[in-house]
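As they're listed, the protein sequences go chains A and B. All residue numbers for the first sequence refer to our numbering, where the first residue is 1 and numbers rise by one. All residue numbers for the second sequence refer to our numbering, where the first residue is 1001 and numbers rise by one. Ideal Cβ placement from N, Cα and C applies to all residues, glycine included. Beneath this line is the structure, given in structure tokens, with notes to follow.
2 protein chains.
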Amino acid sequence: HEILADNEALANHNRAHFLAHGVYVLNLMSAPGAGKTSLLERTLAELSPRYRIGVIEGDVYGREDADRIEKHGVPVVQINTGGACHLDAHLVHDQLERFDLDQLDVLVIENVGNLVCPAEFDLGETDKVMVLSVAEGDDKPKKYPVMFHVARVLLLNKIDLLPHVSFDVARATRDARALNLDLDVFPVSATTGEGLEPWYRWLEGRIARAK
Amino acid sequence: HEILADNEALANHNRAHFLAHGVYVLNLMSAPGAGKTSLLERTLAELSPRYRIGVIEGDVYGREDADRIEKHGVPVVQINTGGACHLDAHLVHDQLERFDLDQLDVLVIENVGNLVCPAEFDLGETDKVMVLSVAEGDDKPKKYPVMFHVARVLLLNKIDLLPHVSFDVARATRDARALNLDLDVFPVSATTGEGLEPWYRWLEGRIARAK
Ligand SMILES: Nc1nc2c(ncn2[C@@H]2O[C@H](COP(=O)(O)OP(=O)(O)OP(=O)(O)O)[C@@H](O)[C@H]2O)c(=O)[nH]1
Ligand SMILES: Nc1nc2c(ncn2[C@@H]2O[C@H](COP(=O)(O)OP(=O)(O)OP(=O)(O)O)[C@@H](O)[C@H]2O)c(=O)[nH]1
Ligand SMILES: [Mg+2]
Ligand SMILES: [Mg+2]
Ligand SMILES: [Zn+2]
Ligand SMILES: [Zn+2]
């Protein structure tokens, strides 16, 4: 458990940086392919005209996601873990100097696609936001409970696929809420745009509080 | 790297057990919710009348998957890692005494849903089989290359969803094959049954070789 204790200390160090500069920080987590980058692209299109947003992309290899985000004209850094299945506070800390935190309102950190380990490594974020795609199945809160327990928000994505999969929204929401009474659940589709307005409003409320 | 060296030794120990009893062993891996258990249920329905099949289910928590497999009337054991994001040879070894390997032709080990770490931990299996759902996106071979590199077979699942997602089958197959020239790719749907025959025949061929 030494690893987690070291990580915790560095996460609090990162958090102090963010608080000193009034930056709201999001740790975006999900299984691979749930739609983190797609939802981030939609969110940037909506909010980057009114807020100064930076992005840190975390992946094992490659810069596919950073290339997608760069097209939105916001500062983005790609971290490659080279094998680790999650980001940690150390990897994030090393990239902070590449941003001018005085010029940011929001920093979004997209974590490595993994429903297990990212939940245990605090990065210094303000909020953890997780994405669950309806294509993954409604048993995930029961099978991967820690992520649902630590998240502030659950974006239930790809609801456009509901007619084609057997996903019980009420069951998944009930099971997730049983793990976390404070969890806000937003059914959305990054493809059609359905349900995104309440998510944008929630996010703006959190950004305002961080000021 | 000490952890991997110890694991390797125990994996070879497991493999010796399996070879001595002529059991063909599969390590089934994917991201969470790609369809491992659904494909296993289809495969059991087809093959368990002709082969003696046992199953080890690996999850962080819960026994949802073992409960689904039990309904197919085959011996199944549920391993809970309690936090680890992958199975290892030690966890598997501890469960082998719960099976009579002389009474088995096939042992399927369904790994924890994770596209990263399971690829690095040999369990003593004969073949690694991975599942990629078309709902996850066609960039996964580039972003999570190790799993595609070590797999013997790629089951490209949920092809019934192709009309509703932007997944380029040719690109994903090309990128996966660039990582692994020997990779057999089977486009399938566990829901409709489409494409499963070639997978069943491939499996029967491998079982026969293990005898
Ligand atoms: N039908 C549908 N497809 C979606 C939706 N959101 C994302 N996708 C698709 O899902 C796939 C994965 O989307 P990404 O945004 O790359 O997912 P991700 O979580 O960032 O993936 P990783 O970073 O690799 O873990 C892509 O093919 C997207 O087009 C949605 O709301 N509906
Ligand atoms: N449309 C469609 N849905 C599928 C298909 N195969 C599985 N599913 C659905 O995908 C979800 C997940 O399936 P599972 O078989 O539980 O996936 P898994 O890989 O075993 O999941 P974990 O063990 O939790 O990692 C469920 O809702 C299934 O009904 C398919 O071929 N097409
Ligand atoms: Mg992404
Ligand atoms: Mg399963
Ligand atoms: Zn991990
Ligand atoms: Zn792991």
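Cβ-heavy atom distance, residue i to ligand 3, below 8 Å
i: glutamate 57 of chain A; result: yes
CA-to-CA distance, residue j to residue i, given in whole angstroms
i: alanine 208 of chain A; j: tryptophan 199 of chain A; result: 14 Å
i: lysine 41 of chain A; j: histidine 72 of chain A; result: Note that residue 41 of chain A is glutamate in the sequence shown, not lysine. Using only the alpha carbons, I get a separation of about 7 Å.
i: arginine 63 of chain A; j: glutamine 78 of chain A; result: 6 Å
i: aspartate 67 of chain A; j: aspartate 1182 of chain B; result: 30 Å
i: valine 185 of chain A; j: glutamate 1204 of chain B; result: 45 Å
i: proline 1118 of chain B; j: alanine 119 of chain A; result: 18 Å
i: serine 1030 of chain B; j: histidine 13 of chain A; result: 35 Å
i: glycine 1113 of chain B; j: phenylalanine 99 of chain A; result: 34 Å
i: alanine 1247 of chain B; j: leucine 1019 of chain B; result: Nothing about residue 1247 of chain B can be read from this structure; chain B reaches only from 1001 to 1211.
One or two residues paired with residue i in a DSSP bridge
i: glutamine 95 of chain A; result: Answer is none; glutamine 95 of chain A lacks a bridge partner.
i: tyrosine 61 of chain A; result: None, per the DSSP bridge assignment.
i: serine 1030 of chain B; result: B/Val1131
i: glycine 54 of chain A; result: A/Leu107
i: aspartate 1184 of chain B; result: B/Val1153
i: tyrosine 24 of chain A; result: A/Val106
i: asparagine 1080 of chain B; result: B/Asp1059
Contact test: residue i Cβ vs ligand 2 heavy atom, cutoff 8 Å
i: glycine 1083 of chain B; result: no
i: lysine 140 of chain A; result: yes
i: glutamate 1002 of chain B; result: no
i: serine 30 of chain A; result: no
Sequence-distant residues of the same chain with beta carbon closer than 6 Å to residue i, five excluded per side
i: glycine 973 of chain B; result: Only positions 1001 to 1211 of chain B appear in this structure, which leaves residue 973 of chain B out of reach.
i: valine 1023 of chain B; result: Leu1101, Leu1104 and Leu1107
i: aspartate 1168 of chain B; result: Asp1138
i: glutamate 1194 of chain B; result: none
i: valine 1153 of chain B; result: Val1129 and Asp1184
Closer than 8 Å: residue i CB and nearest ligand 4 heavy atom
i: threonine 1191 of chain B; result: no
i: threonine 1037 of chain B; result: yes
i: glutamate 1110 of chain B; result: yes
i: aspartate 1067 of chain B; result: no
i: glycine 1062 of chain B; result: no
Spatial neighbours of residue i in its chain, beta-carbon cut-off 7 Å, leaving aside the 5 residues before and after
i: valine 1108 of chain B; result: Leu1026, Leu1028, Leu1040, Ile1053 and Val1055
i: leucine 1196 of chain B; result: Arg1042 and Val1188
i: aspartate 122 of chain A; result: Asn7, Glu8, Ala11 and Ala89
Closer than 8 Å: residue i CB and nearest ligand 1 heavy atom
i: alanine 1097 of chain B; result: Reading the sequence as shown, one finds glutamate at residue 1097 of chain B and not alanine. Checking every heavy atom of ligand 1 against the Cβ of glutamate 1097 of chain B, none is found closer than 8 Å.
Other residues of its chain near residue i: CB distance less than 8 Å, five sequence neighbours each side excluded
i: leucine 1179 of chain B; result: Pro1141, Pro1145, Phe1148 and His1149
i: valine 76 of chain A; result: Gly54, Val55, Ile56, Glu57, Ala66, Ile69 and Glu70
i: valine 1074 of chain B; result: Leu1044, Ser1048, Ile1053, Gly1054 and Val1055
Q) Using a beta-carbon distance cut-off of less than 7 Å, what residues from the stretch 1059 to 1082 of chain B approach chain A? A) Asp1059, Val1060, Tyr1061, Gly1062 and Glu1064
Q.
Give me the subset of the stretch 105 to 116 of chain A whose CB atoms are less than 9 Å from a CB atom of chain B, sorted by chain position.
A. Val112, Gly113, Asn114, Leu115 and Val116
Q: Pull out every residue of the stretch 1164 to 1177 of chain B whose Cβ sits closer than 7 Å to any Cβ of chain A, in chain order.
A: His1164
Q. The stretch 114 to 141 of chain A: which residues have C-beta closer than 7 Å to a C-beta of chain B, in chain order?
A. Asn114, Leu115, Val116, Cys117, Ser133, Ala135, Glu136, Gly137, Asp139 and Lys140
Q | Interface positions of the stretch 31 to 53 of chain A facing chain B (Cβ-Cβ less than 7 Å), listed along the chain | A | Ala31, Pro32 and Gly33
Q. Relative to chain B, which residues along the stretch 140 to 163 of chain A have a C-beta separation below 9 Å, given in chain order?
A. Lys140, Lys142, Lys143, Tyr144, Pro145, Val146, Lys158, Asp160, Leu161 and Pro163
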